[in-house]
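Residue numbers (the numbering used here): 353 to 988.
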């Protein structure tokens, strides 16, 4: 489908990658990985033809349709969520508009016997069949299914897109891409703005995607669950294996170990040969043998070991001063947005040295509570900071607060005080911004590099309480591990919001679960919390169907509720299975129509069966909505 041959890109005379070659075919779900700044997003832009390489060739089959989820998107104001999502169906909308015009003519004209009226009838037939072939009768239902899967509630479908945050707009853009009949999907950090429930839905969608998918992501679990191939860009080279990320890492480690062993054996043999050459050179009778050995040695192809880019950040979070025993005291904190209550009467006491994790489904108030602590908005109730408390806050969108028009060095110097301004170059160096790189403008940095700069800037202020909301967004996997190690060594108080179980392990001694405007305390680490909740992993925490409504009196779900919930889930699964099969059958019929339209147009049985399948599908979609609504209302 796509052939990439000898692709090279350089910036300022330095190669980002050089003579990279690989091929992408149908069914490939590729994880494109590498360190921040290695060139992953640049590679996606080249594949999408947004950016031209210095050299190399990209060849593709004719009429390959490509969809690209960019990090920066721009919406036209005045459209609702549904209207924006419908922009995915350009061809259908054109035909739909034409049908409206034709139907208007049929209503207004009365010259039923004229040739013009006969032509209108013929046009109506032609455009109706084309509308069917394009999936015109299904696109509204398909759109609603995708939007629901990505976390939108039905009641917001008609809200204007400009009323949503950047993260929710990104979901709309993702919905449009998934609705288009693209042959190639290029996804740049698709999970950054998704909650876990939506991530699980997206994983299922992509696993069943027939075309090519290329994903840039630093979510190890997402890559393992979706991809069947990994391409790592490291030190200008591309390493390509038909394995998901974790298996690829193991395989690459094994290959490198074998290369090292083989290189060591070769070096030993070369050394022995060189000794023989020196020995034989001294004797005239052995001179010819020495020359023979030299020629043999020149022909030896020296074994090279794949280089690893092991440069990592050097982070530590020093404690500015020792605060009092109680660092944060919250009483009856309530926060509403309009008529919607996010938090209700939350009370919480945080003692010095606590390591606390906030978990729960998106929209349940984790970030809202953190913003209340740092006084970003007004709320009901009270939050008091203790004696000598100095809070360092890393927001979920921290990198967006950076000024793109100034340099990295200026960013740091503007935020520094007289006592640490002289250290900013060293600090930037410890975050892998070295030499002339500090003179770059912030706007040219990748998402991960911006996050690294934001973390570096955070260290300029005195801190003894760290409040971090999704600090690993955009960070590469090695940088995540370095940040985790630094936070584990941190001797101050830590409040951490994250969906990443791997990152949270070993990070906290208290877990608070946010749900239904309330919080529940678990005195232990994340593994203890999962054991108590009888959950296999963090993803189960945020699945709606796994979080049952718990009676305050008994703290148990009644047998009747369990039985009803199981029955509803079974019905839902059955309906989903039937929908999937019908959609598959209709897709096959559409292809048959497209390939041999004249034959099938005269086949009455074919069209009777075809229309019945569509009617059955519409009924099943309605059944699915009704069952899902029962589950949501009952909280099962």
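All C-beta atoms, glycine included, are put in the ideal place defined by N, C-alpha and C.
Remember, it's a predicted structure, so these values are computed and weren't measured experimentally.
Report task. Could you tell me which of 589, 686, 437 and 867 sits nearest to residue 508, measuring between CA atoms? Result -> 437
Query - Rounded separation between residue 451 and residue 532 - CA only - result: 21 Å
Query - Terminal residues of the beta strand (DSSP E) in which residue 357 lies - result: 354-363
Query raised in the report: What did DSSP end up calling residue 787 once you bin it into helix, strand or coil?
Result: helix
Report task. Could you give the DSSP three-state label for residue 667: helix, strand or coil? Result -> coil
Report task. Alpha carbon to alpha carbon, how far is residue 614 from residue 851? Give it in angstroms, no decimals. Result -> 42 Å
Query raised in the report: So, do the stretch 852-862 and the stretch 872-883 have three or more beta carbon pairs nearer to each other than 8 Å?
Result: yes
Query - Residue(s) in a DSSP beta bridge with residue 540 - result: 568
Report task. Select from 363, 370, 377 and 565 the residue whose C-alpha is nearest the C-alpha of residue 355. Result -> 377
**Report entry** Residue from 669, 584, 444 and 831 whose Cα sits closest to the Cα of residue 484
**Finding:** 444
Query raised in the report: In its own chain, which residues sit with a C-beta less than 8 Å from the C-beta of residue 739, not counting the 5 before and 5 after it?
Result: 675 and 676
Report task. May I ask you to report which of helix, strand or coil DSSP gives residue 762? Result -> helix
**Report entry** Continuous alpha helix (DSSP H) stretch holding residue 833: start and end
**Finding:** 829-841
Report task. Taking 8 Å as the cut-off, decide whether the C-beta atoms of residue 383 and residue 644 are in contact. Result -> no
Query raised in the report: What are the uninterrupted segments assigned as beta strand (DSSP E) that are 3 or more residues long and contained completely in the stretch 393-423, given in chain order?
Result: 407-412 and 418-421
Report task. Could you tell me if residue 919 is buried or exposed, where buried requires 16 or more neighbouring beta carbons within 10 angstroms of its beta carbon? Result -> exposed
**Report entry** Start and end residues, alpha helix (DSSP H) containing residue 854
**Finding:** 853-856
Query raised in the report: First and last residue of the beta strand (DSSP E) that includes residue 885?
Result: That residue, residue 885, is in no beta strand (DSSP E); it is neither H nor E in DSSP.
Query - Residue range of the unbroken alpha helix (DSSP H) whose run includes residue 643 - result: 639-651
Query raised in the report: Out of 957, 784 and 529, which has the shortest C-alpha to C-alpha gap to residue 806?
Result: 784
Query raised in the report: Would a C-beta distance cut-off of 8 Å place residue 710 and residue 817 closer than the cut-off?
Result: no
Requested in this report: Report back the beta-carbon spacing between residue 708 and residue 864 to the nearest angstrom; my notes put them in contact at under 8 Å.
Outcome: 7 Å
Query - Three-state secondary structure (DSSP) of residue 800 - result: helix
Query raised in the report: From residue 823 to residue 838, what distance separates their C-alpha atoms?
Result: 13 Å
Query raised in the report: Is residue 405 buried or exposed, if buried means 16 or more other CB atoms sit within 10 Å of its CB?
Result: buried
Query - Limits of the unbroken beta strand (DSSP E) element including residue 375 - result: 366-376
Query raised in the report: From residue 809 to residue 943, what distance separates their C-alpha atoms?
Result: 56 Å
**Report entry** C-beta atoms of residue 798 and residue 365 nearer than 8 Å
**Finding:** no
**Report entry** Nearest-angstrom beta carbon gap, residue 573 and residue 545 [assumed within contact, 8 Å]
**Finding:** Not a contact, Cβ separation roughly 17 Å.
Query raised in the report: Among 930, 699 and 963, which residue has its Cα nearest to the Cα of residue 687?
Result: 699
Query raised in the report: Should residue 490 go down as buried or exposed, given a rule of 16 or more other Cβ atoms within 10 Å for buried?
Result: buried
Report task. Could you tell me whether the stretch 776-794 touches the stretch 755-765, using the rule of 3 or more Cβ pairs below 8 Å? Result -> yes
Query raised in the report: Would you call residue 455 buried or exposed, if buried means 16 or more other Cβ atoms sit within 10 Å of its Cβ?
Result: exposed
Requested in this report: Thinking residue 737 and residue 679 are a contact (beta carbons under 8 Å), I'd like their distance in whole angstroms, please.
Outcome: 7 Å
Requested in this report: Taking 8 Å as the threshold, find out whether the stretch 585-593 comes into contact with the stretch 368-377 through three or more Cβ pairs.
Outcome: yes
**Report entry** C-beta atoms of residue 756 and residue 696 nearer than 8 Å
**Finding:** no
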